[in-house]
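Student: Numbering (our numbering), first residue to last: 24 to 390.
Structure provided below as structure tokens; questions to follow.
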């Protein structure tokens, strides 16, 4: 049996005509950049996330970069974040001239450990970036408590977490800003790159909207040095269609995760994802932890099962961050996760037969 890690074609076929009609409507207007569909998507996403405003941008990476710029983070500043995340989290910090300051993750959720944040705060700290990894939100209440004590903005890296909740609150709406990614593989995926910044601060949203067009407050008059972070209208049009299906797709992911939990429960060597009781994960990824992870991945590939490793090397060990001075062993939970984690197929169109097959092959390997 073939079980791909992700099957975007299967999902697209269920909404093909709606998406193509929305894209054709944009083509008829010829307003391809930052057009009316972007404004409509911003309105819908602000409402969906429970935020005062949303600003469409070119990618999740640019959402992080633009947010840092809007908050005045720059050369000589420090930003506290996690070493176990996609590169863009720390890469955006580096690109504005600031220093990523890493703290370790929790050993069960693999999200940033709130207890490690305050000891890392210095006079140079200008922001905190928690990451809602694999679709489960980080512990935002203690993170916000630290931020409030030190007067620090919080940038939620919610690139993987649209629709996820923490104590009933949506990802992105608790911190100063929230950054969402619509890369095609996400729960809400565009037809290419796209992202959005959500916030409860309308004035900050206005500044972000100016920064995304080279800091241009009116045509050819530049209030700031910004960037080209505009969202394409075609992406917005497709996302408007897909947003109507998002909750249903995420519900299917949660059901698939529960089925994996059930089927893998008797394997002592395999650790299934831990979701806190007050959290609602969107299961962007279903990530297990297993000994001989690389051998398991190779075995599953031979059985037709697609898997992925997120992420094989912690950020503090990346060559480009060597000058930060971190060493192997500095963040043991992050390093252990990098050596043990493996993502299994969990996309909405997955069948129960496929899930049973994947779980059965894992059991076969472990035996």
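All residues carry an ideal CB built from backbone N, CA and C; glycine is no exception.
How far does the alpha helix (DSSP H) with residue 40 in it reach, from first residue to last?
Tutor: Looking at the DSSP string, the run of the alpha helix (DSSP H) that includes residue 40 is 31–52.
Student: If you follow the beta strand (DSSP E) that residue 203 is part of, which residue opens it and which one closes it?
Tutor: Here the beta strand (DSSP E) through residue 203 covers 200–204.
Student: Measure how close the beta-carbons of residue 31 and residue 207 come, nearest whole angstrom, since I'm counting them as under 8 Å.
Tutor: Right, their Cβ atoms sit about 6 Å apart.
Student: Give me the residue from 362, 360, 220 and 303 with the minimum Cα distance to residue 189.
Tutor: Nearest C-alpha to residue 189: 303.
Student: Can you check whether the CB of residue 382 is closer than 8 Å to the CB of residue 287?
Tutor: It is a contact, given that the beta carbons lie within the stated cut-off.
Student: Can you tell me which of 102, 295 and 214 puts its alpha carbon nearest to the alpha carbon of residue 122?
Tutor: Ranking 102, 295 and 214 by Cα distance to residue 122 puts 102 first.
Student: Considering only the alpha carbon of each residue, which of 90, 152, 66 and 205 lies closest to residue 107?
Tutor: Selected option, being the one with the closest Cα: 152.
Student: Pick out whichever of 258, 48 and 175 has its Cα sitting closest to the Cα of residue 211.
Tutor: Nearest C-alpha to residue 211: 258.
Student: Taking the beta strand (DSSP E) that residue 180 falls in, what are its first and last residues?
Tutor: Counting along the chain, the beta strand (DSSP E) containing residue 180 begins and ends at 178–180.
Student: Taking residue 170 as the reference, give the member of 132, 275, 197 and 267 with the closest Cα.
Tutor: Closest by alpha carbon: 197.
Student: The ligand SAH heavy atoms versus the CB of residue 356: any closer than 7 Å?
Tutor: Among the components modelled here there is no ligand, and therefore nothing to report on the ligand SAH.
Student: Work out the CA separation of residue 156 and residue 310 for me, nearest whole Å.
Tutor: For residue 310 and residue 156, the distance between alpha carbons rounds to 10 Å.
Student: Buried or exposed for residue 147, please, with buried defined as at least 16 other CB atoms from any protein chain shown within 10 angstroms of its CB.
Tutor: Per the 10 Å Cβ criterion, exposed.
Student: Whose C-alpha, out of 224, 298, 100 and 319, is nearest the C-alpha of residue 362?
Tutor: The candidate whose alpha carbon is nearest that of residue 362 is 319.
Student: Quick one: is residue 343 buried, meaning 16 or more other Cβ sit within 10 Å of its Cβ, or exposed?
Tutor: Residue 343 is exposed by the Cβ-count criterion.
Student: If I measure Cβ to Cβ from residue 200 and keep anything under 6 Å in the same chain, skipping five residues before and after, which residues do I get?
Tutor: Only 90, 178, 220 and 222 meet the Cβ criterion.
Student: Pairs of beta-carbons, one from the stretch 38–47 and one from the stretch 247–265, closer than 8 Å: are there three or more?
Tutor: Short answer: they touch.
Student: Note down, in chain order, each residue of its chain lying with its Cβ closer than 8 Å to the Cβ of residue 292, except the 5 sequence neighbours on either side.
Tutor: Taken in chain order, the residues that qualify are 313, 314 and 389.
Student: Go ahead and label residue 24 buried or exposed: buried means 16 or more other beta carbons lie within 10 angstroms of its beta carbon, across all protein chains shown.
Tutor: It counts as exposed.
Student: Across which residues does DSSP place residue 151 in a beta bridge pair?
Tutor: Residue 151 pairs with 103 and 177.
Student: Just to confirm the assignment, what range does the beta strand (DSSP E) spanning residue 76 have?
Tutor: Residues 76–80.
Student: Is it a yes or a no for the stretch 232–251 touching the stretch 343–362, going by three-plus beta-carbon pairs under 8 Å?
Tutor: Too few Cβ pairs lie closer than 8 Å, so no.
Student: If you measure between the beta carbons of residue 180 and residue 154, is that distance less than 8 Å?
Tutor: Contact: yes.
Student: How long is the line joining the alpha carbons of residue 149 and residue 276, rounded to whole angstroms?
Tutor: Using only the alpha carbons, I get a separation of about 36 Å.
Student: Taking DSSP as the reference, what is the three-state secondary structure of residue 192?
Tutor: DSSP places residue 192 in strand when its eight states are reduced to three.
Student: With 16 as the cutoff for other CB atoms within 10 Å, does residue 193 come out buried or exposed?
Tutor: Result: buried.
Student: Check the C-beta distance from residue 308 over to residue 366 and give it rounded, since I have them as a contact under 8 Å.
Tutor: Confirmed, Cβ separation roughly 5 Å.
Student: Identify every residue that forms a DSSP beta bridge with residue 56.
Tutor: The partner list for residue 56 (beta bridge, DSSP) reads 255.
Student: Around the Cβ of residue 137, are there at least 16 other Cβ atoms within 10 angstroms (buried) or fewer (exposed)?
Tutor: With 16 or more Cβ atoms within 10 Å of its Cβ, residue 137 is classed as buried.
Student: Rounded to whole angstroms, how far is the Cβ of residue 79 from the Cβ of residue 214, which I believe are closer than 8 Å?
Tutor: That pair is no contact at about 14 Å.
Student: For residue 306, collect the residues of the same chain with a Cβ closer than 6 Å to its Cβ; drop the 5 residues on either side in sequence, then sort them by chain order.
Tutor: So the list reads 158, 276, 277, 280 and 369, once near-sequence residues are dropped.
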